[in-house]
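So the structure is just underneath, and the comments pick up after that.
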Amino acid sequence: MHRFVLERLGRLLAFCAILGLFGGVAAARAATAPAWPQAKSDLPADPQIRFGALANGMRYAILRNTTPKGQVSIRFRFDVGSLNEADSEQGLAHLLEHMSFRGSTHVPEAEVWPSLQRLGVQVGADASAYTQETQTFYLIELPNARPQTLDFGLARMRETASELTIDPKALETERGPVLSEERLRDTPDLRALMQQRAFFYQGLLLPRRAPIGKTEIVSHASADQVRAFYRAYYRPERATLIVVGDIDPTTVETRIKAHFGDWKAAAPARPQPDLGAPAAQGPDAKVVVDSKMSRSIQVAWVAPYAGPVLTSADLRRETLQTIAFGIVGRRFRVLSDGAAPPFMDAGLTSHDQGRSARLTLLAVDDSPRRWKSALEAADTVRRQAMTYGVTQDEVDLQVSQMRAGLETLAAGVDTLSSPSLAQAIMRSVDEGRVFLGPVERLARFNADVKGLSAADVTAALRSAFSGAGPLVFISSPAAIEGGERAVRSEWARIDSEPLAAPVQQAKAVWPYTQFGTAGEVAERRHIADLDVTQVVFKNGVHLTIKPTKFATDQVQVGVAVGHGLLDLPMDRSSLRWAADSGAFLTGGLGRLDLDAMQRALAGRIYSVGFNVAEDHAELSGVTREQDLDTQLQLLTAYLIDPGMRPEAFERVRQLAAPTINNQNASPGGVMQRQLGFLLHTGDPRWAPPTQVDVATAQPGEMKRMLTGLLGGGPIEVTIVGDASVDRVIAAVAATFGALPPRQETDAPPASTLVRFPDSAAPPLVRRHAGRDDQALFAMGWPVADARGDLQTPRDLRILEQVIKSRLFNQFRVEDGAAYEAETYLETSQTFPGYGYILAYAEAPPDKAVLFYETLDKIAADLRQTPISADELERARQPRVELFAKAQQNNGYWLNALTGVSRDARRLDVLRSTIPDLQHVSAEDVQRMARTYLVDDHAWRLNIEPRARAGARPARATGVAKLDCARTGDDRLADCRVVKETPAGLGVGATALIMTPSLKFDPKTAAPTQDGRVELDLRVTAPDSEP
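Under mature numbering (1 follows the signal peptide of the UniProt record, and there is no 0), read the sequence shown as residues -27 to -1, 1 to 999, first letter to last.
Now the structure itself:
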């Protein structure tokens, strides 16, 4: 289920990445063997990184970093992407990237993936590659830093550099996954994006060079064509190798020279492409309409690419512009989060696009029928800021927020993860930026904002809108009356309207600091082998603490309340979807709306997440030790005094309808919406909302649901991170520990009765509204839960990994039938007897038989023949390494420790996971296959394109039991759904739509004790398929 998070820290991290914490300022690119950008800049690069270049022109960057311990991240970047392709080569950069996993001089195709698995590398997650407009890069996450492992990783990258075989037969097979990826990516929203780019970037090569390329070229490109592209562009002076991890830089540098020193270009270099220049245009408008498309209003100003940003003065201008955009963004949020919002969301961004242009964008989201008022309201905010300027209070507030994020990153510089650092260094290379470390970036920021005035920030804001434009682009699922002419006319009117000065916000004070007398500790014990402390307060609140140093100055908090999904009704749908999607958190608190809350907490690091889990509702946050009190005060306030404002609910409801429309437009979206409901045999607690559910949803219903979920039952607080045990106990004692004792309740006994669906042969069919050549197939088997012995889930995990590997190798690699072939294992700790293995793939509709035959053969062979020792190791070692890495992460421990006060066996799970995985044998895997991979138990699902001709499938009917008030003229009012039959298909919501037209009839509506009436209505269920 979707989990909504209000996160100040995350936004600050994103800001830091933009400003250059992970890549500071751009430098010019030379045609051959470019120097590192810092050679031409007055800004110093991170002194901890060893930068260098080989005689052949290949550059390298090496950084010692010990988080996670013992592991190494490698990135190999080539300065070539889709912008380098000729007209007849569109798609070759991406096709070449795929061929890098199809064999090379020293690594035959059959060994590409198995050799990685034996090392403990996960296919896809730990070894992958990506093609973009300006670069192609390869990544490997090595599970250890042993010399032979590091040499393996470097050797594999060396193979990519010049040794790819590009075999014609392998190329023919790989076309299938590449074309499948094109189908997977080709959504209505992507098509809208391509039209937007063509509109914004007239005069540029950029909109004519999508990385996926053209299918007709990919379908017919020869091995010689791909090889010619490879030899022309995979050359030392276009390559940068990045190694970050628990290594000795001197040793790594020596090994890099040994592996790559003899690399020479195999063909003459090609010239850099002519990227063009932005056309002089605007004001202008473009409208794109598609019933399956998401709504969007975007106004662009397009300036020529400015080239290198070399000086600290240029970086200061960039910082000031970011501050200005943050201030305007806050003004947008005040409107969107308030009563009667003029739009659902709005924001300003500015960034370079493909070294081709500088784009400044005003993005607005609202219903298509309100496009005029939404556009006017959003642009009024922008023009007010430019005309009247920003205030000093706004500047100071924004600076304090940004400084807090930078201080947190600087404090945690020694525990930033190697993958994130490697990725950030690579991004700085692509952008031609000097890589500034967190400490240097904080110092630069403090210098830039010293004595900063509102006038300086206002000037930075005004300078952002100097490009060609405005260009108004609207994508809409419904027609815009008057079309583009109406949009152009409306913009001219808006731009000429007189402006009133903006209303300034009053300062806000944080009022949630006292919750009563601090709670007393009733019990305390320390679990030495896990270094976990458990505390029980006298009011019944449980606290679990694990102090760590995995991330310096980071503390993660989780608060589990009540019984979660177990307390939801089993006979009708609920508004869980709304609460989990932000209607709860964006409603703010009783004494502060969301904006006032954020202003009151400016300068502090905190976040708030909420979701309804299977056996509890969860509030969560990430903070630092100095702000731990604030974080806990905030979570406590959400528990006892949530605002749940109707306008927040309405905003989420307005966003839900187009989301459903978008999901129904692809097989993957339909799977995302419906799979949980289907795999729980139609249990309404997993039912996705229908459009009718969304249209009839009321904020009062959500409030009643959440009052039930949060108002009773146990409270369990889990805190993991860089904070002392006594400090944590004191902070919790003053918040959750100070609350009155709560009534202990148990979940309804029937709430755990969940079962996997019966066998489905022929497959169950669901429809999507996307392309005719898109489909998805899934096959699942019921397995054991995780409530019994702990070894069985480990055995099942290895079985699932073997199925995944075999399905990938056969259906994806050998048959070339799909871009992705995945599996998933669920062994429930909540529902007795519930678990499943699911395998699925997106592929053309005519591949259904092949998919099911492939899985049938895999299951039969696993039942009949024990797997080899090599296959067992290739399935087991990546999982062992995954858990070894996860156990150095605060998030892993927070998730694993949540619930230990209710089920102490979770501690044994922590202790036994890796030993149990290492204990799995080939005989165990075969026993699991014989027990659970039973043909007669297999469940199948096809998600197919909706037929373009003929009638839709008949829709189901159902009965909704309603409880209603009776008005003076015998009408029905204030109706609530009591029960749906069948549940989860939206019949209750459909019935609610009908009630205003009904009159009270004693023959059909029985009076209840409180003067209300009950009645049953038979209705047609809303179409659950598009």
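A virtual CB, placed ideally from N, CA and C, is assigned to each residue, including glycine.
Quiz item: Within this structure, are the beta carbons of Thr107 and Gly327 separated by less than 8 Å?
Solution: Numbered from 1 along the sequence shown, position 134 holds the residue referred to as residue 107. Numbered from 1 along the sequence shown, position 354 holds the residue referred to as residue 327. Yes, the pair counts as a contact, with Cβ atoms nearer than the cut-off.
Quiz item: Straight-line CA distance for Leu565 to Glu114?
Solution: As a working note, residue 565 is residue 592 in the sequence shown. As a working note, residue 114 is residue 141 in the sequence shown. So the two alpha carbons sit approximately 45 Å from each other.
Exercise. Look at Gly176 and Ala100 and say whether their C-beta atoms are less than 8 Å apart.
Key: Against the sequence shown, residue 176 aligns to sequence position 203. Against the sequence shown, residue 100 aligns to sequence position 127. No; because the gap between Cβ atoms is not below 8 Å, this pair is not in contact.
Practice problem: Rounded to whole angstroms, what's the CA-CA distance from Val873 to Lys480? Just pull it up for me. | Solution: Locating residue 873 in the sequence shown gives position 900, counting from the first residue. Locating residue 480 in the sequence shown gives position 507, counting from the first residue. If I take the Cα positions, the gap works out to 42 Å.
Quiz item: Would a C-beta distance cut-off of 8 Å place residue 1014 and Gly492 closer than the cut-off?
Solution: In the structure as shown, the chain begins at -27 and stops at 999. Residue 1014 is therefore absent and cannot be evaluated.
Quiz item: Excluding five sequence neighbours on each side, which residues of the same chain lie with their C-beta closer than 7 Å to the C-beta of Glu557?
Solution: Here the question's residue 557 lines up with position 584 in the sequence shown. It should be noted that the sequence gives Phe, not Glu, for residue 557. Result list for Phe557: Phe583, Pro615, Met617, Leu679, in chain order.
Practice problem: Let me know the secondary structure DSSP gives Gly(-4) once reduced to three states. | Solution: Counting from 1 along the sequence shown, the entry for residue -4 is found at position 24. Low confidence applies to Gly(-4): its pLDDT is 37, below 50, so where it sits in the model is not reliable enough to give any reading.
Self-check item: For Ser390, the three-state DSSP class (helix, strand or coil)
Solution: Here residue 390 corresponds to residue number 417 of the sequence shown, with the count starting at 1. Note: Ser390 maps to coil in three-state DSSP.
Practice problem: Could you give the DSSP three-state label for Met399: helix, strand or coil? | Solution: Start at 1 with the first residue of the sequence shown, and residue 399 comes out as number 426. Note: Met399 maps to helix in three-state DSSP.
Quiz prompt | Range covered by the beta strand (DSSP E) that runs through Met752 | solution = Start at 1 with the first residue of the sequence shown, and residue 752 comes out as number 779. Met752 -> beta strand (DSSP E) spans 748 to 755.
Exercise. Identify every run of the alpha helix (DSSP H) within the stretch 40 to 67, keeping only runs that are complete inside it and at least 4 residues long; order them along the chain.
Key: none
Quiz item: Which parts of the stretch 425 to 475 are runs of the alpha helix (DSSP H), unbroken and 4 residues or longer, counting only runs that do not cross its ends?
Solution: 427 to 436, 456 to 469
Exercise. Have a look at Ala757 and Arg770 and give me their C-alpha separation to the nearest angstrom.
Key: In the sequence shown, the residue the question calls residue 757 occupies position 784. In the sequence shown, the residue the question calls residue 770 occupies position 797. The alpha-carbon atoms of Ala757 and Arg770 are separated by roughly 11 Å.
Exercise. State whether the stretch 386 to 402 contacts the stretch 343 to 360, with contact taken as three or more CB pairs (one from each stretch) at a distance under 8 Å.
Key: no
Practice problem: Tell me whether the beta-carbon of residue 1062 lies closer than 8 Å to the beta-carbon of Ala759. | Solution: Missing from the structure shown is residue 1062; the chain here goes from -27 to 999 and no further.
Exercise. Thinking Val749 and Glu674 are a contact (beta carbons under 8 Å), I'd like their distance in whole angstroms, please.
Key: Position 776 of the sequence shown, counted from the start, is the residue given in the question as residue 749. Position 701 of the sequence shown, counted from the start, is the residue given in the question as residue 674. The sequence given here places Leu at residue 749; Val does not occur at that position. In fact, because the Cβ distance is near 33 Å, the residues do not count as touching under 8 Å.
Quiz item: Would DSSP call Ser309 helix, strand or coil?
Solution: Along the sequence shown, read from residue 1 onward, the residue named residue 309 stands at position 336. DSSP places Ser309 in helix when its eight states are reduced to three.
Practice problem: Measure from the alpha carbon of Val907 to the alpha carbon of each residue in Val412, Asp829, Arg919, then state which is nearest. | Solution: Locating residue 907 in the sequence shown gives position 934, counting from the first residue. Checked all of Val412, Asp829, Arg919; the closest Cα to Val907 is Asp829.
Quiz item: So, do the stretch 566 to 583 and the stretch 448 to 459 have three or more beta carbon pairs nearer to each other than 8 Å?
Solution: no
Exercise. Output yes if chain D places a C-beta closer than 8 Å to the C-beta of Val217; else output no.
Key: The chain labelled as chain D is not found in the depicted structure, where only one protein chain is given.
Quiz item: Out of Met967, Glu854, Leu601, which has the shortest C-alpha to C-alpha gap to Val698?
Solution: Position 725 of the sequence shown, counted from the first residue, corresponds to residue 698. Nearest option by C-alpha distance: Leu601.
Self-check item: Inter-residue CB distance, Leu27 and Lys230 (contact presumed, cutoff 8 Å)
Solution: For the purposes of this step, residue 27 is taken as the residue at position 54 of the sequence shown. For the purposes of this step, residue 230 is taken as the residue at position 257 of the sequence shown. That belief holds up - the Cβ atoms of Leu27 and Lys230 are roughly 7 Å apart, short of 8 Å.
Quiz item: If we count the other Cβ atoms within 10 Å of its Cβ and call it buried at 16 or more, is Val508 buried or exposed?
Solution: Start at 1 with the first residue of the sequence shown, and residue 508 comes out as number 535. With 16 or more other Cβ atoms within 10 Å, it is buried.
Quiz item: For the candidate residues Ser77, Ala859, Gln21, Leu845, whose alpha-carbon lies nearest to that of Val386?
Solution: The count along the sequence shown starts at 1 and reaches residue 386 at position 413. Comparing Cα positions, the closest option is Gln21.
Practice problem: Please name the residue or residues paired with Asn584 in a DSSP beta bridge. | Solution: Locating residue 584 in the sequence shown gives position 611, where the first residue counts as 1. Note: Asn584 sits in a beta bridge opposite Glu591.
Practice problem: Let me know the secondary structure DSSP gives Leu612 once reduced to three states. | Solution: Start at 1 with the first residue of the sequence shown, and residue 612 comes out as number 639. Leu612 falls in the helix class under three-state DSSP.
Quiz prompt | Separation of Ser554 from His(-26), as counted between CA atoms | solution = Residue mapping note: residue -26 aligns to position 2 of the sequence shown, counting from 1. Residue mapping note: residue 554 aligns to position 581 of the sequence shown, counting from 1. With a pLDDT of 40 at His(-26), under the threshold of 50, the modelled position of that residue is not reliable, and the figure given next carries that caveat. Roughly 7 Å separates the two Cα atoms.
Practice problem: Return the CA-CA distance between Thr381 and Ser329, expressed in angstroms with no decimal places. | Solution: Within the sequence shown, numbered from 1, the residue matching residue 381 stands at position 408. Within the sequence shown, numbered from 1, the residue matching residue 329 stands at position 356. Taking the straight line joining both Cα atoms gives about 34 Å.
Quiz item: Which same chain residues, not among the five before or five after Lys511, have their C-beta less than 7 Å away from its C-beta?
Solution: Taking the first residue of the sequence shown as position 1, residue 511 is located at position 538. Within the same chain, Lys511 has close Cβ partners Gly492, Glu493, Ala495.
Self-check item: Reduced DSSP secondary structure (H/G/I, E/B, other) of Val216
Solution: Taking the sequence shown and counting its residues from 1, one reaches residue 216 at position 243. Three-state result, Val216: strand.
Self-check item: Reduced DSSP secondary structure (H/G/I, E/B, other) of Ala3
Solution: The residue given as residue 3 occupies position 30 in the sequence shown. Any reading at Ala3 must be qualified, since the residue scores a pLDDT of 35, below 50, and its modelled position is unreliable; no value is offered.
Quiz item: What three-state label does DSSP hand Pro10 in the structure shown?
Solution: Here residue 10 refers to the residue found at position 37 when the sequence shown is read from its first residue. Pro10: helix per DSSP, three-state reduction.
Quiz item: Could you give the residue range of the beta strand (DSSP E) that holds Tyr797?
Solution: In the sequence shown, residue 797 corresponds to position 824, counting from 1. From DSSP, the beta strand (DSSP E) with Tyr797 extends over 794 to 800.
Quiz prompt | DSSP state of Pro87 mapped onto helix, strand, coil | solution = In the sequence shown, the residue the question calls residue 87 occupies position 114. Looking at Pro87 - three-state DSSP - the assignment turns out to be helix.
Quiz item: DSSP three-state call for Thr886: helix, strand or coil?
Solution: Stepping through the sequence shown from its first residue, residue 886 is reached at position 913. Here Thr886 sits in helix by DSSP.
Quiz item: Within 10 angstroms of its Cβ, does Ser547 collect 16 or more other Cβ (buried), or is it exposed?
Solution: If you number the sequence shown from 1, residue 547 lands on position 574. Buried, since its Cβ has 16 or more Cβ neighbours within 10 Å.
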